[in-house]
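Top to bottom, those sequences are chains F and Z. Count the first sequence with our numbering and you get residues 1309 to 1992, in order. Count the second sequence with our numbering and you get residues 1309 to 1992, in order. Structure, as structure tokens:
Number of protein chains: 2
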Amino acid sequence: MRRLATLGLCSLFITSAAHADEGMWLFNDFPAERLSREHGFSPSAEWLEHVRLSSVRLAQGCSGSFVSKTGLVMTNHHCVQACVEQISTKEKNYVERGFLAKSSAEERQCPALEVNQLVAITDVTEAVHKATEGLSGEKYVEARTAETSKLEKACATSDERRCDVVSLYSGQRYHLYEYRRFQDVRLVFAPEIDIAFFGGDPDNFNFPRFNLDVAFLRVWQKGQPSRVDHHFAWSTAGAKRGELVFVSGHPGSTSRLKSIAELAYQRDVALPERLIQLSELRGVLTEFSRRGPEQARTAKTPLFYIENAVKALRGRHQALVDQMFMSQLETTEAALRSAVASDPALDQKYGGAWEHIARAQDRLRTIRKDLAAKEQHRGFGSQLLRIAIGLVRYGDERQKPNEARLPEYGDAKLPALKAQLFSPAPIYPELEITMMTFALTKLQEELGPDDPFVRLVLDKRSPQGRAKELIKASKLADVGLRKKLFEGGAPAVEAAKDPMLALARLIDAEARKIRKVYEDEVESVVQKNNELIAQARFDVYGTSTYPDATFTLRLSFGTVQGFPHRGERVGAFTRIKGLYARATGEAPFALPLSWRRAKDRLTMNTPMNFVSNNDIIGGNSGSPIINKDGEIVGVVFDGNIYSLGGEFGFDGSTNRAVSVHSSAIIEALDKVYGARGLVKELRR
Amino acid sequence: MRRLATLGLCSLFITSAAHADEGMWLFNDFPAERLSREHGFSPSAEWLEHVRLSSVRLAQGCSGSFVSKTGLVMTNHHCVQACVEQISTKEKNYVERGFLAKSSAEERQCPALEVNQLVAITDVTEAVHKATEGLSGEKYVEARTAETSKLEKACATSDERRCDVVSLYSGQRYHLYEYRRFQDVRLVFAPEIDIAFFGGDPDNFNFPRFNLDVAFLRVWQKGQPSRVDHHFAWSTAGAKRGELVFVSGHPGSTSRLKSIAELAYQRDVALPERLIQLSELRGVLTEFSRRGPEQARTAKTPLFYIENAVKALRGRHQALVDQMFMSQLETTEAALRSAVASDPALDQKYGGAWEHIARAQDRLRTIRKDLAAKEQHRGFGSQLLRIAIGLVRYGDERQKPNEARLPEYGDAKLPALKAQLFSPAPIYPELEITMMTFALTKLQEELGPDDPFVRLVLDKRSPQGRAKELIKASKLADVGLRKKLFEGGAPAVEAAKDPMLALARLIDAEARKIRKVYEDEVESVVQKNNELIAQARFDVYGTSTYPDATFTLRLSFGTVQGFPHRGERVGAFTRIKGLYARATGEAPFALPLSWRRAKDRLTMNTPMNFVSNNDIIGGNSGSPIINKDGEIVGVVFDGNIYSLGGEFGFDGSTNRAVSVHSSAIIEALDKVYGARGLVKELRR
């Protein structure tokens, strides 16, 4: 079976010839020699540094790149769609009509966006391992949190620095990532959603594709466009068939090193339950959008994310219920277990790890509903409640020493916390009520109407009645008030008498209790034992490979090439003429006016989108795709349907990254949008 | 693990003492001796006949009972809810306000309801086996269809007879069921939905419960209430703790004898996919209901069915992903396989059956999306299209000899077909558009926008655009027109130029093609080999047991008793006082005005609902629950949460049927609704 040519690490080294181009490689551990052997190109340390510093992360969950020395950032439209919606109003809907700043004065601030540039990576494995040595359970979690908080705090010397200790190879390595933060991020260009997301959900994760899923931002500092030391140049020709290309971006997470017990939990419990709930919410929001244009506008972004998630999670579920796929994963695990079992020293150290993880998954099965209902509910669908929970918890946590706090309230995380709590992004009460009604209905359904926590939350009201009364009475939409409460801490929060704050306070003890059970009896057990398994893997197979994705910068290489699908070969490129051929005039296959008008001016043979076998995953959206000379040849925006199994294993024969071709970007900016200034800036 | 005390048949005989009361027994093969041994009661042939003839089936999918000699039928409110909605109008919403006919003149006809009374059962195994001997695949299906059509036609001598050949024990036995049909069914009494379904979805499949989920119908003939020869008397005391009780009803289907390969397909593919799609539709209809009271009224019934289905299917999925549960099923199958393998004669006959079924499931995995999209779509959510498909196909099928037709168009099935096609139940265009838009969106999503069938159906429109144009232009809401087209056959259908008929015609060839692939390569292979496995089971373990449920009349025995739940014992009864304690005033825990007003008149200690360990499943809704004397002690309306695993195996220690107590019915009719006439008729 092709798609299983590679599953995880072990097989990689056993039959490496068959798995060319797998890998989300660390910048500080890049397999330059292997690349040279397989593709005849060996990047220098300078090349790697330049690529790293020209790449950026959108803190909210995407990738991007600097594409001019004056801080121009390229990413996907779908990565900035929330911003475009937030700067829109009932009268001016930039999601529909697109946005172009004709001068820097017209660039509009994106309230919730932050851009991070990775300036340094330090190996801190020794410090963390030393701090946690010999500990387990609760003590282990506390010691690790204390050490990582300490390291992060020492690194984050100003509000312009963000520092994260990242656990790699299931805790075998800990690296400290130091970012430069750009908090004033402005929108420069976003096309109309009808061309950015042409084909909509039906075409999502499919290819051929015809999307202009690109947007430009600019980072500002002190009221001026920032000058940046590194940025990518623009390729004149763009991506060519068979060309070696690199994706430098932030893959969010993969599960390629997870144990079978964890995957079985995903397959049997987590994925089906999440899919059922997300699908229902999708139905609610689809129909909510039909209430009117304003509802359609405000629900568009959440609905997009939900539809995207449903498709991605279904792809993962399908991979895990594929009996061939799963049995290969089982074989891989069995091989390692048997290698461990056959060596008494290894067996002594690692032999019990898998069973411990399996027992922790059993525990998770019994607490999952309480955990989801009490702690992982993300404000029961309400942004106001999420803010309230942040304010209540921060008020309590700030009274503790840094090392003893919940990690997300540690000093080093304060900038991120503030960005969330003080986001001036508009909150739409009608949408809030709909989302919260849904979440409270599910709460009641999952735990049952007689559950004490459900009674506490609902306070004898129906889910809808409760959602309405809370959202109408809360004053937390006021950012100024939030700042005051943040500064004032627990007494100010107490005195505010806001019903959302009251609810956040009411549920806090139960939420912390179940979180602690989860951390002590599930999370820490799994982490600790996965650490052992990772170590066993190093002992048995050697060390030079890549870790599972962690939403940190990785470099992947591959070539521009099509793929086989249902017995036919899908070509690597689509062209602008194909876009016009596919347009039916009805959403999601309707072209915006600008494109209908520009038809005669466009070079129809210009490549529009293309695929390459780079190993990417969610989080890579907006990543630059570059050639050997470090020039932009496109921007990654999706994977094909086979890429969804990439969560668990990479198959270079079918798994494809989907990108907007650099030539289509120039062609559109120039001939559809008349954005001469932007074209000039990119080509400079 | 308690819930696995019994799984299917084999284990039943190995450790029968532990599994008292399992079984959905055939009336013509009832284990009277076993009942006598275990419960000290041995029903006579007359007793069984009286119970059978006093029991009825609602052809649309429920059970019921005759409870007076003038044709009064008792069933559940949720079984007649569609009728209550259909006789309602914007002005008079009987779903909300309830319905009581004060005289027979006020009884209202239920347009889509039909009542069937089982008058005879004949064993026709020999004839069917002879007709199919030595055949397989397509030939097997054709031969079986021809033989059963012939038998059914010979039996159904008038429009007042319905005859079905029923396959039992996976085709080991074929019985011919002969029903008397009552097509003029009128509504006598239905309470307000707020009391019928008090607690709504949160309480559904749970206990304690406080529902008055009962309704009364009456069968009429020639403009008069029918006189019936058999009916159940009413118990004065009602159900008592520990009492032996019987449920006589029509369990819809179970999968207790299915092979592991089939269950794996359900667990991995069918159930998750169905749940994801149903959940999204649930969200759509929930939000659709918020458009206004008329939308809420028209969507109430479909929404109820969807919510009910989601809960039931989730319960099944949870049973199958329970590793203990599944491994016991695997052990049961392995035991039979190994018994077969160890005997060369058995191995020769049956050894390959499991593998053939597994290969058929693999085939099903590859064709399932096409099958669902092209043939099993049930009119893409549109009743008008379902009617159109029925008219187009009947027009074609009637030109063939009876034996060569698709079974649902055989002569013996014509009454049922007509009941469906000529149903005067209102069709609501706004709801139709919403349902069809959803289904067409999913069609596009599942097969992709480039699929030729999708292009054929959508005709270059968006799902919503297409649904609107079809539903607005179709004239098939007119029952008179349907009758004309039915009589006129293919030429009339062709000449009608109705867009729904045109669409039905357009997709018919593709639909038949994929259906044939399914029947030849999946269905017939599975049936044939399950027949072999059933035979092997008889050979190895003996024969006296019950077959999987088939929506035909079964008798189950058990006792009134509570059950253990999360470490506590749930009592067998709830009482009217508990209903008032649980009422919060907000839906779904709001009492209707009639009950708020009647509070002081009611005897608070009257039993409201109760549980018993009878082995039931969906389709049993509305079944009479009777005592040894054949008297009504309640009406079954639900199972507890543990009953959902009953699809695959019965655990008498936790699986419970939930019934409305007979005393609550009398108390409510008398003191809440002032329905003296009805009370008198029941007690007569």
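Cβ coordinates follow ideal geometry from the N, Cα and C atoms, glycine included.
{"Item": "Sufficient close CB pairs (3 or more, under 8 Å) joining the stretch 1921 to 1937 of chain Z to the stretch 1425 to 1442 of chain Z", "Value": "no"}
{"Item": "The stretch 1595 to 1609 of chain F in contact with the stretch 1730 to 1742 of chain F per 3-pair CB rule at 8 Å", "Value": "yes"}
{"Item": "Exposure of R1904 of chain F, with buried meaning 16 or more beta-carbon neighbours within 10 Å", "Value": "exposed"}
{"Item": "Option in F:G1947, F:R1564, F:R1481 with minimal Cα separation from T1430 of chain F", "Value": "F:R1481"}
{"Item": "Beta carbon of V1700 of chain Z nearer than 8 Å to that of D1828 of chain Z", "Value": "no"}
{"Item": "Of the residues F:L1910, F:G1938, F:A1983, F:A1696, the one placed nearest S1373 of chain F, counting alpha carbons only", "Value": "F:G1938"}
{"Item": "Partners in chain Z for N1514 of chain F, counting only beta-carbon separations shorter than 9 Å", "Value": "G1756, P1757, D1758"}
{"Item": "Close Cβ partners of M1912 of chain F (< 6 Å) along its chain, the five nearest in sequence each way excluded", "Value": "I1884, K1885"}
{"Item": "8 Å Cβ cutoff, S1567 of chain F in contact with chain Z", "Value": "no"}
{"Item": "Of the listed residues Z:T1562, Z:P1601, Z:R1624, nearest to R1582 of chain Z (C-alpha basis)", "Value": "Z:R1624"}
{"Item": "Beta-carbon proximity check, H1386 of chain Z vs G1927 of chain Z, cutoff 8 Å", "Value": "no"}
{"Item": "Contact list for S1770 of chain F against chain Z, beta-carbon separation under 7 Å", "Value": "E1894, A1895"}
{"Item": "Three CB pairs or more closer than 8 Å across the stretch 1788 to 1805 of chain Z and the stretch 1685 to 1694 of chain Z", "Value": "no"}
{"Item": "Within 7 Å of chain F by C-beta, residues of the stretch 1584 to 1606 of chain Z in sequence order", "Value": "I1584, S1587, E1588, L1589, R1590, G1591, V1592, T1594, E1595, F1596"}
{"Item": "Cβ neighbours of F1871 of chain F in the same chain (closer than 6 Å, five flanking residues each side left out)", "Value": "V1878, T1962, R1964"}
{"Item": "L1986 of chain Z and F1497 of chain Z closer than 8 Å at C-beta", "Value": "yes"}
{"Item": "Interface positions of the stretch 1669 to 1685 of chain F facing chain Z (Cβ-Cβ less than 8 Å), listed along the chain", "Value": "none"}
{"Item": "Any chain F beta carbon closer than 8 Å to P1580 of chain Z", "Value": "yes"}
{"Item": "Host beta strand (DSSP E) of E1415 of chain Z (start-end)", "Value": "Premise fails: E1415 of chain Z is in no beta strand (DSSP E) and is neither H nor E."}
{"Item": "Local Cβ density within 10 Å of R1360 of chain F, reported as buried at 16 or more and exposed below that", "Value": "buried"}
{"Item": "Cross-strand partners of D1252 of chain Z (DSSP beta bridge)", "Value": "No answer is possible for residue 1252 of chain Z: it lies beyond the span of chain Z, which begins at 1309 and ends at 1992."}
{"Item": "CB contact below 8 Å: H1664 of chain F versus chain Z", "Value": "no"}
{"Item": "Alpha-carbon to alpha-carbon, V1787 of chain F and S1731 of chain F", "Value": "7 Å"}
{"Item": "Segments of 3+ residues assigned as beta strand (DSSP E) that fall wholly inside the stretch 1476 to 1516 of chain F", "Value": "1481 to 1490, 1492 to 1498"}
{"Item": "C-alpha distance - A1451 of chain Z paired with A1439 of chain Z, whole-angstrom precision", "Value": "6 Å"}
{"Item": "Among Z:G1796, Z:C1391, Z:L1443, nearest to I1501 of chain Z - alpha-carbon criterion", "Value": "Z:C1391"}
{"Item": "Secondary structure of M1744 of chain F, DSSP reduced to three states", "Value": "helix"}
{"Item": "Presumed contact (8 Å Cβ cut-off) between L1579 of chain F and L1621 of chain F, rounded CB distance", "Value": "6 Å"}
{"Item": "Chain-ordered chain F contacts of E1753 of chain Z [CB-CB under 7 Å]", "Value": "D1509, P1510"}
{"Item": "6 Å Cβ shell around V1834 of chain F - same chain, five flanking residues per side excluded", "Value": "I1665, A1668"}
{"Item": "Partner residues on chain Z for G1718 of chain F, Cβ-Cβ distance less than 9 Å", "Value": "Per Cβ cutoff of 9 Å: no residues; G1718 of chain F is ~37 Å from chain Z at best."}
{"Item": "Pairwise C-alpha distance: I1841 of chain F and S1920 of chain Z", "Value": "50 Å"}
{"Item": "Residue burial classification, M1632 of chain Z (beta-carbon count within 10 angstroms, cutoff 16)", "Value": "exposed"}
{"Item": "Within 8 Å of chain F by C-beta, residues of the stretch 1611 to 1626 of chain Z in sequence order", "Value": "V1618, R1622, H1625"}
{"Item": "Between the CA atoms of F1524 of chain F and A1504 of chain Z - distance to the nearest angstrom", "Value": "58 Å"}
{"Item": "Simplified DSSP state of A1785 of chain Z, which is helix, strand or coil", "Value": "coil"}
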